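Presented below is the structure to which this report refers.
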Amino acid sequence: MKKQALTLIISYLLLNMGIPVALSRLTWMNQGQRSLYLLVLCQLLTMIIAYLLYKDELKKQWLDLKAQNFRQLFPKQFLKLYFAMLVIRIISMQIIGLFVDPNLLGQNQEIINQIAQSTPYIMTFFMTVLFAPFVEELVFRQALIGSFQSKKWINIMTFVSVILFTLAHMMHWADFVIYLPMAAIIVYFYRHYQENVIASMAFHGLNNLIAALLLSFLP
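122 is the number that the UniProt record's numbering gives to position 122 of the sequence shown; each next residue is one higher, with no gaps.
This is the structure we're talking about:
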């Protein structure tokens with residue numbers, strides 16, 4: 001794996017898991033919204049590091065994407081796969097619900113919803129629509145898959161990427177029915193456009209934008 005990728009992965013784990021978790025144990029950090037502001041600061045630092053590490057590749061991939069007629073193809077592809085994802089989720093949740101308490105499904109999403117309702121909208125927008133698509137795609141797609149040239153290893157790391165992304169968003173084992181379809185479709189965009197992380201960022205970001213808008217308008 002490239003040094004560039006390792007640097008990003010370590011920074012991501014340290015700034016978004018290690019430091020926030022460690023500081024959250026301090027009493028003064030749990031007063032008011034200090035812990036939330038700390039998390040946003042860590043996410044902002046992660047974004048800056050990610051951009052500095054991959055800015056040249058991002059510029060090149062944007063030009064490559066334009067050459068692939070992405071602007072014309074993406075809207076139709078997004079709608080088709082977005083609704084396919086929803087259908088798969090609904091069917092899967094109905095099946096899993098026969099064996100698992102339905103209240104256990106989507107706990108991670110429920111926590112996100114609760115945080116969003118008690119957080120200024122601009123911060124929620126930053127965390128879900130800007131930070132998550134940008135950083136998570138660079139970590140789970142570009143760093144994990146894009147570091148390899150061999151077709152064999154690209155295929156192996158594609159599988160690893162989907163599994164790790166799904167696990168990172170799960171609170172209960174049954175949550176895979178919610179996040180696995182999303183992970184698979186995101187990685188499809190990445191691979192379909194010749195390992196182009198901007199393509200996967202586009203789907204991830206638009207998916208999260210829809211969720212954020214629904215969360216703000218629905219009771």
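We put the CB at the ideal spot given by N, CA and C, even for glycine.
Quantities reported herein were computed from a predicted structural model and do not represent experimental measurements.
Opening and closing residue of the alpha helix (DSSP H) in which residue i lies
i, result
"isoleucine 145", "Run containing isoleucine 145: none; DSSP gives neither H nor E here."
"methionine 201", "197 to 217"
"threonine 179", "Before going further, note that residue 179 is tyrosine rather than threonine in the sequence given. Taken as a continuous stretch (DSSP letters only), the alpha helix (DSSP H) holding tyrosine 179 covers 176 to 192."
"lysine 3", "3 to 13"
"phenylalanine 134", "132 to 137"
Cβ separation of residue i and residue j, assumed to be a contact under 8 Å, to the nearest whole Å
i, j, result
"valine 129", "leucine 209", "5 Å"
"alanine 199", "phenylalanine 70", "7 Å"
"aspartate 64", "asparagine 196", "6 Å"
"phenylalanine 203", "isoleucine 185", "7 Å"
Residue environment, residue i, which counts as buried when at least 16 other CB atoms sit within 10 Å
i, result
"phenylalanine 165", "buried"
"leucine 213", "exposed"
"tyrosine 54", "buried"
"asparagine 207", "buried"
"valine 135", "buried"
"glycine 146", "buried"
"serine 150", "exposed"
"proline 181", "buried"
"isoleucine 10", "exposed"
"proline 133", "buried"
"serine 161", "buried"
"leucine 15", "buried"
"tyrosine 37", "exposed"
"residue 229", "Residue 229 falls outside the range modelled here, since the chain spans only 1 to 219, and no answer is possible."
The ligand GDP heavy atom lying under 6 Å from the CB of residue i
i, result
"proline 75", "With respect to small molecules bound, the structure shown includes none, and the ligand GDP cannot be examined in it."
Complete beta strand (DSSP E) runs within the stretch 44 to 129 (minimum length 3 residues, chain order):
none
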